[in-house]
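In terms of our numbering, the sequence shown opens at residue -10 and continues consecutively.
By construction, the Cβ of each residue, glycine as well, lies at the ideal position given by its N, Cα and C atoms.
Keep in mind the model is a prediction, meaning the values are calculated, not measured.
Structure first, then comments.
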Amino acid sequence: MRKFGVHAGFWLLFFLIWDRLLYFYVNNEWNRLYFSALDTGLILLTFYAMYTYLMPDYFRRKSLGRLIILSVLLVLVLAGLAAWIMGLLLQNMIVPIHFDFSWTYKDMQYNRLFMAFLGVLAGIFVKLALDRFELRRSLAALEKERSAAELTYLKNQLNPHFLFNSLNSLYSQLELGTGDPKQTLSALADMLRYQLYDSGQDLASLNKELAYLADYIALQKMRMDNCAVTYAVAGDITSQGIAPLLLITFVENAFKHVSDNLIENFINIQVQISGSQLDFNCRNSYEAGATGKGIGLDNVRKRLSMIYGEHQQLQIREENNVYEVKLSLCLKS
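So this is what it looks like as structure tokens:
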């Protein structure tokens, strides 16, 4: 119904403009309205014939010759009919004008042919433009669905690493009799709750994301006594949102680099929030030649690119047995 109203409003506006621009020389209001209605009707019929029937027929059959023949027939028939009706109007009414009025029947035919051709061109142009717009919108929707599916897949890839490391921590505590298994299970439950109920959203609370990191760090510290770990957060974390499970990969890799061969293992993690800007820095010791590619780095790079685009910058550096990750991104509220 709304679509019909838009079309009706457009043609009414077209009729009024056409009436004032083309038949200004006709003094009699009714005569001018007759002529304008005839012209508008001719253009309207050729437009919708092209838009509704001939162009869709062309797309189905892929026959340009058929389209040209049918379009020419459409123009000739409707223009001829309009010229005949125009002739009847001129013969049966007095048309006051401001200058000599000397139209012949051939003149009327040429004018109606032009108007019909105008309707044909408008029908072709609008059909092609709208179909192109619909195609682009459909492709954008498909791309959005594909991106969402890929993001879900990338996030789900994190679960095995998380479970493996967390259960490893719990197993170490039970085997060595160190720490508090109940506290470990509580932290593990909080982390699983975050993964199940928050990680499926496009954005998670920054507060929850950082609490998730804190729980993970606490679990890892319980099973390691040869690594000095610091974790500091500064700034307002209550009103910002972040893509869930985005930072955990870097923290996992930091603990992965802890070596039994190094006396002074360390991990320093700092998160600074300034307005909508997040700066994440993770520095850790590593044993030269044993870093590998790291778990999920390609994964997190893809997610950063897909979600934040140009509003993020990731730098990874290895120098003097220190592995450093710097991430800056613009948070979303």
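Opposite residue i in the DSSP bridges: which residues?
i: V356; result: Residue 356 lies beyond the stretch modelled for the chain, which goes from -10 to 322, so this question has no answer here.
i: V222; result: V260
i: L303; result: L316
i: S274; result: V311
i: L267; result: I262 and L318
i: S194; result: G230
i: F255; result: A217
Would you please state the rounded distance, in angstroms, between the beta carbons of residue i and residue j? I believe it to be under 8 Å.
i: G112; j: Y40; result: 4 Å
i: W0; j: D28; result: Wrong, their Cβ atoms sit about 12 Å apart, outside the cutoff.
Using C-beta distances below 6 Å, list every residue in its chain close to residue i, excluding the 5 sequence neighbours before and after it, in chain order.
i: L159; result: T173
i: L10; result: none
i: L316; result: F269 and L303
i: F271; result: Per the sequence shown, the amino acid found at residue 271 is Cys instead of Phe. If we look at C271 and ignore the five residues flanking it on each side, its Cβ neighbours are F239, A243, I258 and V314.
i: L267; result: L318 and L320
i: D204; result: A176, D179 and M180
i: Y47; result: L56
i: Y220; result: I206 and I258
i: R101; result: A68, A71 and A72
i: Q301; result: L293 and L318
i: V289; result: T238
i: R306; result: E313
i: P45; result: none
Inspect the beta-carbon positions of residue i and residue j and report whether they are closer than 9 Å.
i: L202; j: L236; result: yes
i: I256; j: C216; result: yes
i: I32; j: L124; result: no
i: V64; j: A105; result: yes
i: L177; j: L199; result: no
i: L53; j: L43; result: no
i: Q229; j: S274; result: no
i: I231; j: V218; result: no
i: L67; j: A38; result: yes
i: F24; j: V115; result: no
i: S188; j: L234; result: yes
i: N254; j: A277; result: no
Let me see if you follow: with CB-CB separation under 9 Å, is residue i close to chain B or not?
i: L234; result: Within the model displayed, chain B is absent; a lone protein chain is all it includes.
Suppose the cutoff is 8 Å on Cβ atoms and the five residues either side in sequence are ignored; what does the same chain contact list for residue i look like?
i: G30; result: A71
i: D249; result: N215
i: N196; result: I226 and T227
i: Q190; result: P233
i: L34; result: L67 and G108
i: I74; result: L27
i: L353; result: Examination of residue 353 is not possible in this model, given that the chain is present from -10 through 322 alone.
i: L286; result: T238, N242 and I305
Beta-carbon within less than 7 Å of residue i's beta-carbon, same chain only, minus the 5 sequence neighbours each way: which residues are those?
i: M213; result: V247
i: E308; result: none
i: Y183; result: K197 and Y201
i: V61; result: none
Would you call the stretch 240 to 248 in contact with the stretch 289 to 301, where contact means no fewer than 3 C-beta pairs closer than 8 Å?
no
At a cut of 8 Å, does the stretch 221 to 236 reach the stretch 256 to 263 through at least three beta carbon pairs?
yes
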